[in-house]
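Colleague: Here numbering that gives the first Met the number 0 is used: the first residue of the sequence shown is 0, the next is one more, and so on.
Yeah, the Cβ is synthetic: ideal placement off N, Cα and C, and Gly gets one too.
The structure presented is a predicted model; accordingly, all values stated were derived computationally and were not measured.
Sharing a structure, written as structure tokens. Questions coming.
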Amino acid sequence: MEMTAQEYQNRKGQSYKLLLWFAMISMVMMFAGLTSAYVVSSSRKDWIKDFVMPNAFIISTIIIIVSSLTFHIALTTIKKNERNGTSLWLLVTLVLGILFVIFQFIGFGQIIDSGFFFTGSESTVNTSFLYIIVILHLAHLFGGLIALLIIIYNHFKQKYNSTQTLGIELGAMFWHFLDILWILLFLFFYFYQ
Numbered sequence: 000m001e002m003t004a005q006e007y008q009n010r011k012g013q014s015y016k017l018l019l020w021f022a023m024i025s026m027v028m029m030f031a032g033l034t035s036a037y038v039v040s041s042s043r044k045d046w047i048k049d050f051v052m053p054n055a056f057i058i059s060t061i062i063i064i065v066s067s068l069t070f071h072i073a074l075t076t077i078k079k080n081e082r083n084g085t086s087l088w089l090l091v092t093l094v095l096g097i098l099f100v101i102f103q104f105i106g107f108g109q110i111i112d113s114g115f116f117f118t119g120s121e122s123t124v125n126t127s128f129l130y131i132i133v134i135l136h137l138a139h140l141f142g143g144l145i146a147l148l149i150i151i152y153n154h155f156k157q158k159y160n161s162t163q164t165l166g167i168e169l170g171a172m173f174w175h176f177l178d179i180l181w182i183l184l185f186l187f188f189y190f191y192q
């Protein structure tokens with residue numbers, strides 16, 4: 000029995016989503032290992048107990064939450080075939096993603112201004128772990144920004160419509176994952192001393 004084009008698209012979409020789930024689970028395991036190492040390291044004598052997360056990280060957290068909302072709205076609008084709305088919300092998501100990265104680096108600057116360093120003889124275990132984990136998250140977010148640029152390009156090439164939303168769905172899944180991951184990491188660093 001031969002598959003219809005729609006059945007083939009559905010099966011292809013399920014395969015891509017499964018692959019994305021495997022990738023996201025492996026990322027969670029990597030960050031779980033790093034945060035576990037952070038917890039174990041907190042018993043060291045040189046551990047700083049009064050380290051405070053920079054304000055820029057709070058702002059970047061708000062930005063990434065809003066960007067997740069705008070990506071969701073973009074997906075909702077393409078399902079209604081509202082191409083202009085989808086264009087707007089995809090571009091807003093891109094701008095917010097870039098702002099998130101900018102505020103992450105502002106946060107690094109605020110940490111350095113507070114007298115803490117990430118590497119070298121003046122670094123601390125706390126800040127070194129924070130630096131590694133934030134940079135790894137930013138590397139994954141960079142992948143998300145590239146995916147978003149590809150989605151925007153494909154959208155302007157009119158590859159998406161109310162019946163063909165797979166690319167935007169996959170991008171939104173990954174973006175929401177990065178959002179949730181950052182919120183959990185932020186809360187971990189904020190509350191775990």
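1. Based on the DSSP output, what are the partners of N83 in its beta bridges?
2. For F50, does the three-state DSSP call read helix, strand or coil?
3. Which residue marks the beginning of the alpha helix (DSSP H) containing K44, and which one marks its end?
4. Helix, strand or coil for Q163, going by three-state DSSP, please let me know.
5. Going by DSSP, what residues sit across from S122 in a beta bridge?
6. Using only the alpha-carbon positions, how far apart do F116 and I110 sit?
7. If contacts are defined as beta-carbon pairs under 8 angstroms, then Y159 and I167 qualify, I think. What distance do you get, rounded to the angstrom?
8. Any chance the stretch 70-84 sits against the stretch 31-40, with 3 or more Cβ pairs inside 8 angstroms?
9. Which of the three DSSP states is assigned to E6 in this structure?
10. So with Cβ pairs under 7 angstroms, would you call I72 a contact of chain B?
11. Which residue from D112, G143, F107 and L140 puts its Cα closest to that of S127?
12. Please list, in chain order, all residues of the same chain as G12 whose beta carbon is under 7 angstroms from its beta carbon, the five residues on each side excluded.
Modeller: Reading off the structure:
1. Translated into the one-based positions of the sequence shown, residue 83 becomes position 84. N83 is not bridged to any residue.
2. As a first step, residue 50 must be located in the sequence shown, where it is residue number 51. Coil at F50, not helix or strand.
3. As a working note, residue 44 is residue 45 in the sequence shown. Segment: none, K44 is in no alpha helix (DSSP H) and carries neither H nor E.
4. Walking along the sequence shown from the start, residue 163 turns up at place 164. Residue state, collapsed to three classes: strand.
5. Taking the first residue of the sequence shown as position 1, residue 122 is located at position 123. Per the DSSP secondary-structure output, S122 pairs in a beta bridge with F116.
6. On the sequence shown, position 117 is the one that residue 116 refers to. On the sequence shown, position 111 is the one that residue 110 refers to. Here the alpha carbon of F116 sits roughly 7 angstroms from the alpha carbon of I110.
7. On the sequence shown, residue 159 is found 160 positions in, with the first residue counted as 1. On the sequence shown, residue 167 is found 168 positions in, with the first residue counted as 1. About 6 angstroms separates the two Cβ atoms, so the contact holds.
8. Judged by Cβ distances under 8 angstroms, the stretch 70-84 makes no contact with the stretch 31-40, as fewer than three pairs qualify.
9. Sequence index remark: in the sequence shown, residue 6 carries index 7 (1-based). In the structure shown, E6 sits in a helix (DSSP, three-state: H, G or I).
10. Of the protein chains in the structure, only one exists, and it is not chain B.
11. As a first step, residue 127 is located in the sequence shown; it is residue number 128 there, counting from the start. Taking only the C-alpha atoms, the option nearest S127 is F107.
12. For the purposes of this step, residue 12 is taken as the residue at position 13 of the sequence shown. If we look at G12 and ignore the five residues flanking it on each side, its Cβ neighbours are L165.
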